[in-house]
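Colleague:
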């Protein structure tokens with residue numbers, strides 16, 4: 001990539017957020033400038049910016065943007081948090097930046113030091129990005145112990161540098177395996193309906209020179225039956241307190257298939273994805289997106305005009321199908337409320 | 348449909364075969380005229396005509412076409428049989444028509460009655476089509492006993508009037524369930540990479556006025572987990588003697604998912620699909636198709652130029668995952684070499 005995935009622009013050119021429009025990849029690297037919160041929310045809703053960790057970063061910078069513009073910051077944080085319902089990181093990032101802003105506003109250190117309160121939100125946003133970059137390295141380090149020599153890893157959706165401040169969650173682990181000489185093949189589910197695997201993960205794999213091949217999502221089972229998959233590694237959009245994992249639609253399908261074929265199924269996600277306030281999988285709100293994401297492609301209809309579609313953006317994998325959850329704080333294995341609580345204990 | 352799916356054209360306008368180009372549906376009803384065997388083989392290879400039962404019919408009419416043209420009929424039968432490797436019906440139909448032609452040629456009844464030998468091949472081809480039409484009705488009759496009231500049926504690929512001389516195999520059963528007032532919903536897997544579900548099954552469902560919705564293949568698991576699927580019904584391209592079922596890629600995935608969710612998994616296929624000469628699933632040759640079926644869509648690339656793809660056209664479902672095989676001669680349940688042999692005994 002020549003363009004930055006996500007970039008804050010200071011005044012006087014800003015305040016603004018520049019982001020790489022992920023809906024246009026891999027065909028074009030188009031940078032979108034969001035000079036206000038509604039345009040950022042639009043970019044989030046139409047998936048120009050996406051992926052749980054990056055949504056956390058985007059949420060925080062969005063609050064800083066509102067503050068820098070002199071908008072109603074609390075209202076902006078609420079609107080950003082509601083832009084998409086499933087990834088918990090969005091509300092988490094927006095909430096942290098709002099807290100920092102509110103703490104700085106009365107007369108605090110920032111004012112004393114000649115800074116404006118929006119800069120407190122901005123520092124918090126930058127701290128979230130820095131922490132995410134570090135978390136990517138730590139997750140890869142913890143996860144590498146679970147990757148065998150000559151590993152053929154199957155992944156779903158996109159979890160790399162496009163959605164984190166570092167090398168990625170599951171994709172960061174794949175990169176570490178590659179550097180350690182352990183990656184024989186990265187199998188990439190194309191990830192219908194929006195093809196984040198074929199479009200984005202294959203793009204990142206190409207840039208990094210990884211051995212990789214794309215497949216139709218429904219071909220993963222026959223690949224497993226042929227003994228061609230040693231490990232499944234995916235990210236997460238929200239992990240409930242019981243270890244249930246909401247992630248891109250098709251993840252649960254892979255988890256069932258992996259169990260049937262006795263293939264380990266790893267979820268790689270930062271602790272910011274774990275929502276201890278969501279009790280279990282049933283409590284996770286699943287975003288249902290427009291039917292035309294399924295019934296048309298690149299603006300062309302692929303189904304008859306009158307045919308509707310079932311189009312949930314995510315599914316929920318129960319903890320008993322997850323071999324381990326790899327976080328920056330260590331590995332939860334087996335996945336239980338207890339093993340997750342231990343990792344989150346002094347977070 | 349206003350155009351016929353498959354039609355023989357007699358001399359003097361022919362001899363020729365007219366067929367509806369299924370690669371253009373649902374956007375356009377384009378009729379392709381095959382005036383010789385190479386053009387028919389091309390239509391078969393590029394899936395303009397497709398689906399196991401229709402391939403049987405096409406194979407037989409193709410031999411009649413070669414005979415009517417005065418071509419080398421045995422060579423034509425062999426070339427047609429090799430046009431695609433997995434569906435057994437293709438070679439079966441071509442072989443029957445070749446036999447009829449060879450028997451008629453020496454000086455038999457056809458010559459005595461003033462007919463030409465190609466007409467024997469043509470009569471055999473018409474008999475195959477008539478038998479297939481009847482088989483569709485019989486399969487639907489046998490299968491209906493397995494469909495509960497208010498059934499929500501999930502299907503994959505396309506198995507209707509576009510691929511048979513009747514209402515279809517699995518789709519014929521769905522139509523019978525609809526007429527019996529038992530169909531609450533037909534869930535249609537879009538069936539990547541070539542989208543036969545979204546393009547063709549949704550088209551047939553729309554024409555028939557069935558309640559239906561399309562879904563990304565990888566969303567079927569969450570639909571089953573939500574208790575929204577009562578039955579999976581699919582067709583078959585080749586059934587081995589042990590009951591292993593080769594069918595469109597993704598079928599095996601559904602079978603594993605159905606087992607995990609305790610949903611009955613039905614295969615609906617005529618006895619011509621059962622190949623007693625193929626011992627088991629491992630003996631079935633699986634066609635691997637071009638990577639660009641996965642990496643591009645409607646002529647547009649969806650993955651980076653350097654990314655390859657894994658693209659088998661079919662997968663193999665072992666008999667232990669198939670609840671029952673519904674044929675025109677009755678139902679094999681459980682699916683064992685014995686239960687299949689009984690159905691095939693006096694075939």
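Residue numbers (the working numbering), protein chains in the order written: chain A, 1 to 347; chain B, 348 to 694.
A virtual CB, placed ideally from N, CA and C, is assigned to each residue, including glycine.
Computed from a prediction, not measured in an experiment: that's the story for all the values here.
1) Determine the chain A residues that contact residue 559 of chain B at a beta-carbon separation under 9 Å, and present them in chain order.
2) Quick one: grab the DSSP three-state call for residue 516 of chain B.
3) Does the stretch 572 to 584 of chain B come close enough to the stretch 500 to 518 of chain B to have 3 or more Cβ pairs within less than 8 Å?
4) Against chain A, with Cβ distances strictly below 7 Å, would residue 543 of chain B count as a contact?
5) Taking contact to mean 3 or more Cβ pairs, one atom from each stretch, closer than 8 Å, check whether the stretch 532 to 541 of chain B and the stretch 277 to 291 of chain A are in contact.
6) Out of curiosity, what's the CA-to-CA distance linking residue 121 of chain A and residue 100 of chain A?
7) Look up residue 385 of chain B in the DSSP assignment and say whether it is helix, strand or coil.
8) Does any residue of chain B bring its CB to less than 7 Å from the CB of residue 22 of chain A?
9) So which residues on chain A does residue 712 of chain B lean against when the C-beta distance must stay under 8 Å?
10) Put residue 436 of chain B into one of helix, strand or coil per three-state DSSP.
11) From the DSSP output, read off the bridge partner residues of residue 240 of chain A.
12) Can you pull the chain B residues whose beta carbon is under 8 Å from the beta carbon of residue 249 of chain A, in chain order?
13) Between which two residues does the beta strand (DSSP E) containing residue 189 of chain A stretch?
14) List the endpoints of the continuous alpha helix (DSSP H) containing residue 152 of chain A.
15) Note down, in chain order, each residue of its chain lying with its Cβ closer than 6 Å to the Cβ of residue 94 of chain A, except the 5 sequence neighbours on either side.
16) What distance in whole Å lies between the Cβ atoms of residue 391 of chain B and residue 430 of chain B, which are believed to be in contact at a cut-off of 8 Å?
17) Look at the Cβ atom of residue 588 of chain B, then the Cβ atom of residue 626 of chain B, and state whether they are nearer than 7 Å.
18) Taking 7 Å as the CB-CB limit, is residue 511 of chain B close to chain A?
19) If I follow the unbroken alpha helix (DSSP H) through residue 542 of chain B, where does it start and stop?
20) Take the Cβ of residue 256 of chain A as the centre, count every other Cβ of all protein chains shown within 10 Å, and call the residue buried at 16 or more, exposed below.
21) From the DSSP output, which residues share a beta bridge with residue 677 of chain B?
22) At what residues does the alpha helix (DSSP H) containing residue 295 of chain A begin and finish?
23) Mapping DSSP to helix, strand and coil, what is residue 445 of chain B?
24) Using a Cβ cut-off of 7 Å, pull out every chain A residue sitting near residue 647 of chain B, in sequence order please.
25) In chain A, what lies closer than 9 Å to residue 489 of chain B by C-beta?
26) Within 10 angstroms of the Cβ of residue 149 of chain A, are there 16 or more other Cβ atoms? Answer buried if so, exposed if not.
27) Out of B:686, B:400 and B:663, which has the shortest C-alpha to C-alpha gap to residue 672 of chain B?
Modeller: A quick look at the data gives this:
1) Reading the second chain from its first residue, position 212 is the one you call residue 559 of chain B. In chain order: 307 and 308.
2) Here the question's residue 516 of chain B lines up with position 169 in the second chain. Here residue 516 of chain B sits in coil by DSSP.
3) Flag = yes, the stretch 572 to 584 of chain B and the stretch 500 to 518 of chain B touch.
4) Counted from its first residue, the second chain places residue 543 of chain B at position 196. Cβ-Cβ to chain A under 7 Å: no for residue 543 of chain B.
5) The stretch 532 to 541 of chain B vs the stretch 277 to 291 of chain A: no contact.
6) Indexing the first chain from 1 puts residue 121 of chain A at position 121. Indexing the first chain from 1 puts residue 100 of chain A at position 100. Straight-line Cα distance between these residues: approximately 5 Å.
7) Here the question's residue 385 of chain B lines up with position 38 in the second chain. Helix at residue 385 of chain B.
8) Here residue 22 of chain A refers to the residue found at position 22 of the first chain. No, residue 22 of chain A does not count as interfacial toward chain B.
9) No answer is possible for residue 712 of chain B: the residues shown for chain B start at 348 and end at 694.
10) For the purposes of this step, residue 436 of chain B is taken as the residue at position 89 of the second chain. Residue 436 of chain B: helix per DSSP, three-state reduction.
11) Residue mapping note: residue 240 of chain A aligns to position 240 of the first chain, counting from 1. Beta-bridge partners assigned by DSSP to residue 240 of chain A: A:275.
12) Here residue 249 of chain A corresponds to residue number 249 of the first chain, with the count starting at 1. Close to residue 249 of chain A, with beta-carbon spacing below 8 Å, are these residues of chain B in chain order: 563, 565, 566 and 569.
13) Residue numbering aside, residue 189 of chain A sits at position 189 when the first chain is read from its first letter. It spans 183 to 189 - the beta strand (DSSP E) in which residue 189 of chain A sits, taken as one unbroken run.
14) Within the first chain, residue 152 of chain A is the residue found at index 152, counting from 1. Per DSSP, residue 152 of chain A belongs to no alpha helix (DSSP H); it is in the beta strand (DSSP E), 151 to 155.
15) Translated into the one-based positions of the first chain, residue 94 of chain A becomes position 94. Correct list, in chain order: 59, 63, 77, 80 and 81.
16) Taking the second chain and counting its residues from 1, one reaches residue 430 of chain B at position 83. Taking the second chain and counting its residues from 1, one reaches residue 391 of chain B at position 44. Indeed they touch by this definition, with Cβ atoms about 4 Å apart.
17) Numbered from 1 along the second chain, position 241 holds the residue referred to as residue 588 of chain B. Numbered from 1 along the second chain, position 279 holds the residue referred to as residue 626 of chain B. Annotated as proximal: residue 588 of chain B and residue 626 of chain B, with beta-carbon spacing under 7 Å.
18) Position 164 of the second chain, counted from the start, is the residue given in the question as residue 511 of chain B. Output row for residue 511 of chain B: interface = no.
19) On the second chain, position 195 is the one that residue 542 of chain B refers to. In the DSSP assignment, residue 542 of chain B falls outside any alpha helix (DSSP H) and carries neither an H nor an E.
20) Here residue 256 of chain A corresponds to residue number 256 of the first chain, with the count starting at 1. With a 10 Å radius around the Cβ and a threshold of 16 neighbouring Cβ atoms, residue 256 of chain A comes out buried.
21) In the second chain, the residue the question calls residue 677 of chain B occupies position 330. The partner list for residue 677 of chain B (beta bridge, DSSP) reads B:674.
22) The residue labelled residue 295 of chain A in the question sits at position 295 within the first chain. Segment 292 to 295, the alpha helix (DSSP H) holding residue 295 of chain A.
23) Here the question's residue 445 of chain B lines up with position 98 in the second chain. Annotated three-state conformation of residue 445 of chain B is helix, per DSSP.
24) Walking along the second chain from the start, residue 647 of chain B turns up at place 300. Near residue 647 of chain B (Cβ distances below 7 Å), the residues of chain A are 298.
25) Locating residue 489 of chain B in the second chain gives position 142, counting from the first residue. Within chain A, no residue comes near residue 489 of chain B; the closest Cβ sits about 28 Å away, beyond 9 Å.
26) What you label residue 149 of chain A is simply residue 149 of the first chain in a count that begins at 1. Exposed.
27) Here residue 672 of chain B refers to the residue found at position 325 of the second chain. When each option's Cα is compared against that of residue 672 of chain B, the closest is B:686.
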